[in-house]
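Enquirer: Quick one: structure below, then a few questions.
Chains as they are written, first to last, in the numbering used here: chain G, 1 to 165; chain F, 166 to 667.
Here it is as structure tokens:
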């Protein structure tokens, strides 16, 4: 089974198959991992990866699973649906920048049609009294600026759409 | 009632019920102390907080209405009515919201209700940064060389220029670092003044500015003070709060690792002197900026309980909310200066719902799991619960983790351990980032200044190792019910291959 998970903006492709020992075989690039889990009485999981155990807290949300591991802290792992997975840009960089928080547009130094370089500032927004700068995840052309300066937007609203330059 | 109450003072304001006009961790923290004092607790709250721990614990919960949740907590009329309606004779404002609002303190007084805080005149004096600086300077305490626009707007730029670089431009009505600009090149002075003025207008509706000498490698050191209604003031030593992101404190500690015993005494006695000069009543904090050369200047006075007050409580063995209530009742200070000693070292880490890997952008979501840390010397002040929500309505602070140790290195070790043990799932937090800061050589050497986090940004983000990614992906796959069902439905290749082997 092919599946893609996103950790901190980066997509990871996996192939999952049934393992020989009741566990699961995960193929990740050139590597193959034999994984299994055991539920502990306190609700944690002991996950074994190629025989090496690690204890984690796991909680499933609406579209992501949250994992806390000793020494690592908590991470959100998002499951990418197949339609996203096939249309996604290289390296997980998205063509649509959506609002990380509800807020207001403070500045838009680019316009539709502009060619931008990776890291270039596309929009400055303000959420919860904090200014956040949205930068281009890759070299591209600005296809659409969805909100003008002063406009307010909701969580996950589209802000900027990019296309290949 | 209170065993510490002074005898023979029947005219003191008495109360059996206190209304808490705040929310989150501080509302719960205040509630706990009020309970130990045998007081009944009413909690005023907006509907979005109806399921929060403090509201669930309260004897009486009073709902406030407002166009936004924040507006509800700022509504003086509704909160005075809530106090009257719940039979409270006193109100504790916590921090933020109405805690430094003189009109609120006056409205309560007019209704015959005790405000647990300083007198309204003190709040007004210290709330106006320019007046406060002048008050402090005129009484001989150190303030940074400065130029105040209001003194003579026409000559403001010339007077600023005369101070020399580096300079710091600040809005007169400011706070929280908004609109502050550092100027190192006088050619840019006028442009930076224009920018600061625009920001001041946008954030505070007030474009007036002042300029002061900028202290290089500045450290933020503040002193806790207590004053009683009889004119006595003591200090409860200092806190260092130099670890800041965007002028917001994230790690605070006491004692400050940067002060010699003589400097510590000087700065703490200056703070007590300032509090004495304004006839301070209750608990307050005098903030100073401390330079690499050992110089220190008055910054401002916060006329309320501070977020970071628990580190002081840990090393001095005090409950500052208990002291606030006693002082508000008009009782004399319980402790003489010589009785207040620092024992060991304490560190507070603020757990924020934010993503340090993406410029500290605020995070929201449902709290799917919450397991606070424990162990010797560990205190957690939190206002969240499992199945609660973190929304954009309020400040993104979730909890404070306060660790006390015999030494600074033990307090650091306990803090790192406690942060590792803090399980909060469903909302991104800065927990792992805080452990990176605590273990950075600049912090462990006690040399952090307010520029550390920006200067060391690249060193404070720990990239995920391949092993870590394997673990996260394995956990995601194994908890993916649909994937697991589909995988188990397919006969394993090994089953077919097994026949060949046998």
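Using N, Cα and C, we set each Cβ at its ideal position, and we do this for glycine too.
This structure is a prediction, so every number in the text was calculated from the model and none was measured.
By alpha-carbon positions, which one of F/218, F/198, F/460 and F/444 ends up nearest to residue 291 of chain F?
Expert: On the second chain, position 126 is the one that residue 291 of chain F refers to. Ranking the options by Cα distance to residue 291 of chain F, first place goes to F/444.
Enquirer: For residue 521 of chain F, which of helix, strand or coil comes out of DSSP?
Expert: As a first step, residue 521 of chain F is located in the second chain; it is residue number 356 there, counting from the start. Reduced to three states, the DSSP call for residue 521 of chain F is helix.
Enquirer: Hey, could you find the ends of the alpha helix (DSSP H) residue 389 of chain F is sitting in?
Expert: Counted from its first residue, the second chain places residue 389 of chain F at position 224. Segment 384-392 is the beta strand (DSSP E) holding residue 389 of chain F; no alpha helix (DSSP H) there.
Enquirer: Distance, Cα to Cα, residue 222 of chain F vs residue 314 of chain F?
Expert: Here residue 222 of chain F refers to the residue found at position 57 when the second chain is read from its first residue. Here residue 314 of chain F refers to the residue found at position 149 when the second chain is read from its first residue. When rounded, the distance between both Cα atoms is 49 Å.
Enquirer: Quick one: is residue 116 of chain G near chain F, going by C-beta distance under 9 Å?
Expert: Taking the first chain and counting its residues from 1, the one referred to as residue 116 of chain G is at position 116. So no, residue 116 of chain G is outside the interface.
Enquirer: Jot down the residue ranges of each uninterrupted beta strand (DSSP E) in the stretch 538-578 of chain F, minimum 3 residues, whole runs only, in chain order.
Expert: Counting only runs of 3 or more, we get 543-547 and 562-570.
Enquirer: Using CA atoms only, rank isn't needed, just tell me which of F/317, F/213 and F/467 is closest to residue 554 of chain F.
Expert: Residue mapping note: residue 554 of chain F aligns to position 389 of the second chain, counting from 1. When only C-alpha atoms are compared, the closest one is F/213.
Enquirer: Less than 9 Å between the beta carbons of residue 54 of chain G and residue 636 of chain F, yes or no?
Expert: As a first step, residue 54 of chain G must be located in the first chain, where it is residue number 54. As a first step, residue 636 of chain F must be located in the second chain, where it is residue number 471. Against a cut-off of 9 Å, the Cβ pair of residue 636 of chain F and residue 54 of chain G comes out as a contact.
Enquirer: Find the residues of chain G that neighbour residue 645 of chain F, judging by a C-beta separation of less than 8 Å, and give them in chain order.
Expert: Against the second chain, residue 645 of chain F aligns to sequence position 480. The answer, in chain order, is 3, 65 and 79.
Enquirer: Return the CA-CA distance between residue 215 of chain F and residue 257 of chain F, expressed in angstroms with no decimal places.
Expert: Here the question's residue 215 of chain F lines up with position 50 in the second chain. Here the question's residue 257 of chain F lines up with position 92 in the second chain. Cα-Cα distance, rounded: 19 Å.
Enquirer: Among F/591, F/511, F/587 and F/556, which one has its Cα closest to the Cα of residue 567 of chain F?
Expert: The sequence position of residue 567 of chain F within the second chain is 402, counting from 1. Residue 567 of chain F has its Cα closest to that of F/511, out of F/591, F/511, F/587 and F/556.
Enquirer: Among F/295, F/487, F/463 and F/429, which one has its Cα closest to the Cα of residue 306 of chain F?
Expert: Residue numbering aside, residue 306 of chain F sits at position 141 when the second chain is read from its first letter. For residue 306 of chain F, the nearest C-alpha among the options comes from F/463.
Enquirer: Cα separation between residue 429 of chain F and residue 396 of chain F?
Expert: The residue labelled residue 429 of chain F in the question sits at position 264 within the second chain. The residue labelled residue 396 of chain F in the question sits at position 231 within the second chain. If you take the alpha carbons of residue 429 of chain F and residue 396 of chain F, they lie about 23 Å apart.
Enquirer: I want to know whether the stretch 101-110 of chain G touches the stretch 150-165 of chain G - three or more CB-CB distances under 8 Å.
Expert: Counting Cβ pairs under 8 Å, three or more are found: they touch.
Enquirer: Whole angstroms is fine: what's the gap from residue 75 of chain G's alpha carbon to residue 391 of chain F's?
Expert: As a position in the first chain, residue 75 of chain G is number 75, starting the count at 1. As a position in the second chain, residue 391 of chain F is number 226, starting the count at 1. Their backbone Cα atoms lie some 43 Å apart in a straight line.
Enquirer: Look at the alpha carbon of residue 368 of chain F and the alpha carbon of residue 451 of chain F, and state the distance between them as a whole number of angstroms.
Expert: Position 203 of the second chain, counting from 1, holds the residue named residue 368 of chain F. Position 286 of the second chain, counting from 1, holds the residue named residue 451 of chain F. Computed Cα separation, rounded: 24 Å.
Enquirer: Mind pulling the chain G residues with CB within less than 8 Å of residue 653 of chain F?
Expert: For the purposes of this step, residue 653 of chain F is taken as residue 488 along the second chain, with counting starting at 1. What residue 653 of chain F touches in chain G: 18.
Enquirer: Could you check which residue in F/643, F/338, F/235 and F/549 has the C-alpha nearest to that of residue 516 of chain F?
Expert: On the second chain, residue 516 of chain F is found 351 positions in, with the first residue counted as 1. Minimum Cα distance to residue 516 of chain F is reached at F/549.
Enquirer: How should residue 38 of chain G be labelled, buried or exposed, when 16 other C-beta atoms within 10 angstroms of its C-beta is the threshold for buried?
Expert: Taking the first residue of the first chain as position 1, residue 38 of chain G is located at position 38. Burial call: exposed.
Enquirer: Note the first and the last residue of the continuous alpha helix (DSSP H) segment covering residue 437 of chain F.
Expert: Residue mapping note: residue 437 of chain F aligns to position 272 of the second chain, counting from 1. Start and end: 426-442.
Enquirer: Take the Cβ of residue 648 of chain F as the centre, count every other Cβ of all protein chains shown within 10 Å, and call the residue buried at 16 or more, exposed below.
Expert: As a first step, residue 648 of chain F is located in the second chain; it is residue number 483 there, counting from the start. Flag for residue 648 of chain F reads buried.
Enquirer: Quick one: give me the first and last residue of the beta strand (DSSP E) that residue 623 of chain F is part of.
Expert: Translated into the one-based positions of the second chain, residue 623 of chain F becomes position 458. First-last for residue 623 of chain F: undefined, no H or E at that position.
Enquirer: Taking one C-beta from the stretch 563-583 of chain F and one from the stretch 597-604 of chain F each time, how about it: are there three or more such pairs within less than 8 Å?
Expert: Flag = yes, the stretch 563-583 of chain F and the stretch 597-604 of chain F touch.
Enquirer: Keeping to the same chain, check which residues put their C-beta closer than 7 Å to that of residue 536 of chain F; ignore five residues upstream and five downstream.
Expert: Taking the first residue of the second chain as position 1, residue 536 of chain F is located at position 371. The answer, listed in chain order, is 588.
Enquirer: Using alpha carbons as the reference points, say which of G/64, G/63, G/62 and G/47 lies closest to residue 56 of chain G.
Expert: Along the first chain, read from residue 1 onward, the residue named residue 56 of chain G stands at position 56. Nearest of G/64, G/63, G/62 and G/47 to residue 56 of chain G, Cα basis: G/47.
Enquirer: Determine the chain G residues that contact residue 534 of chain F at a beta-carbon separation under 7 Å, and present them in chain order.
Expert: Taking the second chain and counting its residues from 1, the one referred to as residue 534 of chain F is at position 369. Chain G residues near residue 534 of chain F: 57 and 59.
Enquirer: Which whole-angstrom value is the C-beta distance of residue 309 of chain F and residue 454 of chain F, which I expect to be below 8 Å?
Expert: Numbered from its first residue, the second chain carries residue 309 of chain F at position 144. Numbered from its first residue, the second chain carries residue 454 of chain F at position 289. Right, the Cβ-Cβ distance comes to about 7 Å (below 8 Å), so this counts as a contact.
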